[in-house]
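J.: Pasting a structure here, questions to come.
Protein chains: 2
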Amino acid sequence: MTYGVIMAGGQGTRFWPRSLANRPKQFLKLFGDRTMIQMTVDRLGQLIPEERCMVVTNVDYTGLVRDQLPGIKDDFIIGEPVARNTAPCIASAAALLQRHDPDAVMVVLPADHRIADEETFRSVLASAISTANEEKTLVTIGIEPDRPETGYGYIRYNQEKSRSRKEHSAFPVLGFTEKPDREKAISFLDQGGYLWNSGMFVWRADSILEAFRKHQPEIWSELEKWTGESVTRSEIDRFYQNCPSVSVDYGIMEQADNVQVLPAEFGWNDVGSWRAVYDLAEKDADGNAVMNTNVTIQESQNSYISTTGKRHVALVGVENVAVVETEKGLLICDLDRVQEVKEVVERLRREEGGDEWL
Amino acid sequence: MTYGVIMAGGQGTRFWPRSLANRPKQFLKLFGDRTMIQMTVDRLGQLIPEERCMVVTNVDYTGLVRDQLPGIKDDFIIGEPVARNTAPCIASAAALLQRHDPDAVMVVLPADHRIADEETFRSVLASAISTANEEKTLVTIGIEPDRPETGYGYIRYNQEKSRSRKEHSAFPVLGFTEKPDREKAISFLDQGGYLWNSGMFVWRADSILEAFRKHQPEIWSELEKWTGESVTRSEIDRFYQNCPSVSVDYGIMEQADNVQVLPAEFGWNDVGSWRAVYDLAEKDADGNAVMNTNVTIQESQNSYISTTGKRHVALVGVENVAVVETEKGLLICDLDRVQEVKEVVERLRREEGGDEWL
């Protein structure tokens, strides 16, 4: 059977003041009336129903997961006591799924992406699932790049060698590249044969566990301590406490030799900042995206406005700004400098009493 | 005796959302811990004590005047039932003062100006008071212009002909000019002999009443209806209802032939917009004026920030903006387009339910 594994551990510091310590990005309604994590589950549709989805998140957010995704079983919600990056997250999910179903195939998805063409997305996943199941490979979903983005990792692949002739075929991976500088990113686009690393993976639970045994013995040995019939809360806690912090890209994908990539185009966006939210939002003729009522726009363009609606908000003569107002905070940010929102959060963390606003 | 007559009828639409219908600019603490009208009375110091000040304001604000200026006598607070510009305001104050003291000299002051050099201000007024009292002229205070401002009226005067050799001398007025265009304003500065019309006047009550008799017979005839020993609330109401709306500049000063101007330099500012408030405020090394705590400034310059302090406010990468937050409203405005704040207020007035935010 196929299972969804939704990684929902992010803290969303780039989305202050909407995302706060007690409610990070994946649990927010940034688009319409469903939260990001709800949209992630919805998007799987018939391919993987909600009751076959597992969510890995910080232990503080398990209540939010239960509230927002009531169809998910309690033992399919893993609460991480500490953040250890994606490798321990995926290892624990694989070990639990394999106990549940020795033939489990896992579709690993971040909880906070947006995808425009959901039908193509599901068709790509279906193809990845059958490839991973039949060839016992580690399949990663690569996104056809349309600009020299420096914010993503890239995957180089062998465009010639696909074993199948299907519409969505997997190809051998030649290498992974960290976030490149602009010059390098431009050359990747010119050369071709490079894809964005989307952070979405498909594999059999036994395949990825075997890869952990080979390439991450430290994590593997922690998993081996789970000897009882079921895994207890304190065993999970101890596993995370003892695991090193390592990403699955670095810890597994760059080491393993049975890695494939499936190139895809389905309008993918990792919603990394207020800029991305603005880009994805519906806009009026002046390029303004207004998320609430009680807003007056006077001679202002290309701005994003999300407010509580409890006071009247007026923009006069401004351009290219994000205005985000909540009960706790108000952000006014140049849409070209949205990355610096995380500096604000970091400054508040350092300041005495700054926590109150996070 | 000398009396202050403080004109406090303004609605402060350029100061939304701080100034609301129930609390316009003159009743706000825009600078430090005293309101504009309190600062206006304070500034008179020993020259005119609070108990010799009269305030003319909208009838809805008489409670605010009593609260903010408890030293002012009840019969020295005139509540206007409708706004009729400055001529009826000054006529009613003059008529009431003259009943109180046939030799009254009036110092007429707007309630919402800022003056940097208060000592010089008082010394200018003292000189204007003795001139107005001795020569029975209508004395207006003119400000030496330091830039080709298009937002003020100008007074042309005869720089040669002063009757006195005092430090602050009054000169004959040659003419009044409406707000000029930029070219004209520049030529005024080049020529010399032009002053800004500050809207501050000094005269004997009997002199200005005589001028009303001559030049504003319609207003004068309404005043003549006050025949009883004291003037009742309903007589004042009827007076305002019946008076035409006319400014004292147009209705009296431009008509009368006994007008003098006293040129002055005391750091005058009519605080006409958020820009002026920003200009007058204390700023940090980046040119930011921050009126509250709980503000994080990240790479932002030359901005004015006034907030409730109840939420954390962060500016990231913005420049030259006013951010003004209250319980009812939030304004984000380019500091070079502050005049358009009044358009926002006008739009809200027209919109159904918009009143809620004013």
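Protein chains in written order, with this note's numbering: chain A, 8 to 365; chain B, 8 to 365.
C-beta atoms are modelled at their ideal positions from N, C-alpha and C, and glycine is treated no differently.
Please read these numbers as outputs of a predicted model, since none were measured by experiment.
(1) Please report the residue range of the alpha helix (DSSP H) in which Leu145 (chain A) lies.
(2) Under 8 Å between beta-carbons, which chain A residues line up against Gly336 (chain B)? List them in chain order, please.
(3) Which runs of the beta strand (DSSP E) spanning at least 3 residues fall entirely within the stretch 202-254 of chain A, listed in chain order?
(4) Report the option in A:Ala90, A:Met46 and A:Val284 whose CA atom is closest to the CA atom of Trp23 (chain A).
(5) Measuring CA to CA, which of A:Arg318, A:Lys32, A:Asp81 and A:Gly19 is closest to Thr239 (chain A)?
(6) Rounded to the nearest angstrom, how far is the Cβ of Asn140 (chain A) from that of Arg211 (chain A), given a contact under 8 Å?
(7) Can you pull the chain B residues whose beta carbon is under 9 Å from the beta carbon of Glu332 (chain A), in chain order?
(8) Hey, Leu230 (chain B) and Ala102 (chain B) are a contact pair by Cβ (cut 8 Å); roughly how many whole angstroms apart?
(9) Which whole-angstrom value describes the C-beta separation of Tyr201 (chain B) and Ile150 (chain B), a residue pair presumed to lie in contact below a C-beta threshold of 8 Å?
(10) Less than 7 Å separating the Cβ of Leu269 (chain A) from some heavy atom of the ligand COA?
(11) Who are Asp341 (chain B)'s beta bridge partners in DSSP?
(12) What does the Cβ neighbour count give for Gly235 (chain B), buried or exposed, with the cut at 16 atoms within 10 Å?
(13) Would you mind stating whether Gly279 (chain B) and Arg21 (chain B) have Cβ atoms separated by less than 8 Å?
(14) Glu57 (chain A) touches chain B at which residues, Cβ-Cβ below 7 Å?
(15) Just to confirm my understanding: we take Leu27 (chain B), look at its own chain, exclude 5 residues before and 5 after, and list those with CB closer than 7 Å. What are they?
(16) Counting contacts by CB-CB distance shorter than 8 Å, is Gln305 (chain A) in contact with chain B?
(17) Check each residue of the stretch 251-277 of chain A: if its Cβ is closer than 7 Å to any Cβ of chain B, include it; give the result in chain order.
(18) Should Asp341 (chain B) be flagged as near chain A, meaning a C-beta pair shorter than 8 Å?
(19) Does any CB atom of chain A fall closer than 8 Å to the CB of Val297 (chain B)?
(20) Please work out which residues of its chain come closer than 6 Å, Cβ to Cβ, to Gly182 (chain B), disregarding the five sequence neighbours upstream and downstream, and give them in chain order.
(21) Tell me which residue opens and which closes the alpha helix (DSSP H) that Asn140 (chain A) is part of.
(22) Glu350 (chain B) versus chain A: which residues are under 7 Å apart at the beta carbon?
(23) Span of the beta strand (DSSP E) holding Val268 (chain A)?
(24) My assumption, with CB atoms under 8 Å, is that Thr127 (chain A) sits in contact with Phe273 (chain A). Please give the rounded CB distance.
(25) Have a look at Ala404 (chain B) and Thr47 (chain B) and give me their C-alpha separation to the nearest angstrom.
(26) Could you work out which residues of chain A lie near Glu347 (chain B), taking near to mean beta carbons separated by less than 8 Å?
(27) Cα-Cα, which of A:Arg91, A:Asp293, A:Gln105 and A:Thr303 is closest to Phe83 (chain A)?
(28) Locate the beta strand (DSSP E) running through Val351 (chain A), then write down its first and last residues.
(29) Is the beta carbon of Val62 (chain A) less than 8 Å from the beta carbon of Ala111 (chain A)?
(30) In the DSSP assignment, the beta strand (DSSP E) including Tyr285 (chain A) goes from what residue to what residue?
(31) For Gln45 (chain B) and Val114 (chain B), I'd like the C-alpha separation in whole angstroms.
(32) From Pro1 (chain A) to Gln346 (chain B), what distance separates their C-alpha atoms?
(33) What residues in the stretch 13-38 of chain B have a beta carbon less than 9 Å from any beta carbon of chain A?
(34) Smallest Cα separation from Asn276 (chain B): which of B:Glu185, B:Glu358 and B:Met43?
(35) Counting only beta-carbon separations shorter than 8 Å, does Val328 (chain A) have a partner in chain B?
(36) Classify Gly158 (chain A) as helix, strand or coil using the three-state DSSP reduction.
T.: On the basis of the supplied data:
(1) Counting along the chain, Leu145 (chain A) falls outside any alpha helix (DSSP H), though it belongs to the beta strand (DSSP E) covering Leu145 to Ile150.
(2) Under the 8 Å cutoff, chain A gives Arg318, His319, Val320 and Ala321.
(3) Positions of the beta strand (DSSP E) runs, each at least 3 residues long and wholly inside the stretch 202-254 of chain A, cannot be given because no such run exists.
(4) A:Val284 is the residue among A:Ala90, A:Met46 and A:Val284 whose C-alpha sits nearest the C-alpha of Trp23 (chain A).
(5) When each option's Cα is compared against that of Thr239 (chain A), the closest is A:Asp81.
(6) With 8 Å as the limit, Asn140 (chain A) and Arg211 (chain A) qualify as a contact, their Cβ atoms being about 6 Å apart.
(7) Neighbourhood of Glu332 (chain A) in chain B, by CB distance below 9 Å: Arg318, Glu332 and Leu337, in chain order.
(8) The C-beta distance from Leu230 (chain B) to Ala102 (chain B) rounds to 5 Å, short enough to fall under 8 Å.
(9) The pair is not a contact, with the Cβ atoms about 10 Å apart (cut-off 8 Å).
(10) For the structure depicted, the ligand COA is absent and the ligand set is empty, with no information on it obtainable.
(11) For Asp341 (chain B), which the question treats as bridged, DSSP gives the partners B:Val328.
(12) With a threshold of 16 other beta carbon atoms within 10 Å, Gly235 (chain B) falls short and is exposed.
(13) Contact: yes.
(14) Chain order gives no chain B residues near Glu57 (chain A), where near means a beta carbon separation below 7 Å; the closest approach is about 36 Å.
(15) Annotation for Leu27 (chain B): Lys335 and Leu365 place their beta carbon closer than 7 Å to its own, counting only its chain and skipping 5 residues before and after.
(16) Interface residue, yes.
(17) Of all residues in the stretch 251-277 of chain A, none has a Cβ within less than 7 Å of some Cβ in chain B.
(18) It does: the Cβ of Asp341 (chain B) has a partner Cβ on chain A nearer than 8 Å.
(19) No, no contact with chain A.
(20) If we look at Gly182 (chain B) and ignore the five residues flanking it on each side, its Cβ neighbours are Arg163.
(21) That run of the alpha helix (DSSP H) goes Glu125 to Glu142.
(22) Ordered by position in chain A, the residues that pass the 7 Å Cβ test against Glu350 (chain B) are Gln305.
(23) Val266 to Ala271 is the span of the beta strand (DSSP E), which, as asked, contains Val268 (chain A).
(24) Under the criterion of beta carbons closer than 8 Å, Thr127 (chain A) and Phe273 (chain A) qualify as touching, at roughly 4 Å.
(25) The displayed coordinates of chain B run from 8 to 365. Any statement about residue 404 (chain B) would go beyond what the structure contains.
(26) Within chain A, the residues Gln305, Glu306, Val323 and Gly324 have their CB atoms less than 8 Å from the CB of Glu347 (chain B), given in chain order.
(27) In terms of Cα proximity to Phe83 (chain A), the closest of A:Arg91, A:Asp293, A:Gln105 and A:Thr303 is A:Gln105.
(28) Careful: Val351 (chain A) lies outside any beta strand (DSSP E), inside the alpha helix (DSSP H) at Val348 to Arg357.
(29) For Val62 (chain A) and Ala111 (chain A), no; Cβs fall outside 8 Å.
(30) Taken as a continuous stretch (DSSP letters only), Tyr285 (chain A) belongs to no beta strand (DSSP E), being part of the alpha helix (DSSP H) at Trp281 to Leu287.
(31) Roughly 16 Å separates the two Cα atoms.
(32) The structure shown has nothing for residue 1 (chain A), since chain A only spans 8 to 365.
(33) For the stretch 13-38 of chain B, residues whose beta-carbon sits nearer than 9 Å to a beta-carbon of chain A comprise Trp23 and Pro24.
(34) Among B:Glu185, B:Glu358 and B:Met43, the Cα nearest to that of Asn276 (chain B) is on B:Met43.
(35) Chain B contact via Cβ: present.
(36) Assignment of Gly158 (chain A) by DSSP, reduced to helix, strand and coil, places it in the coil class.
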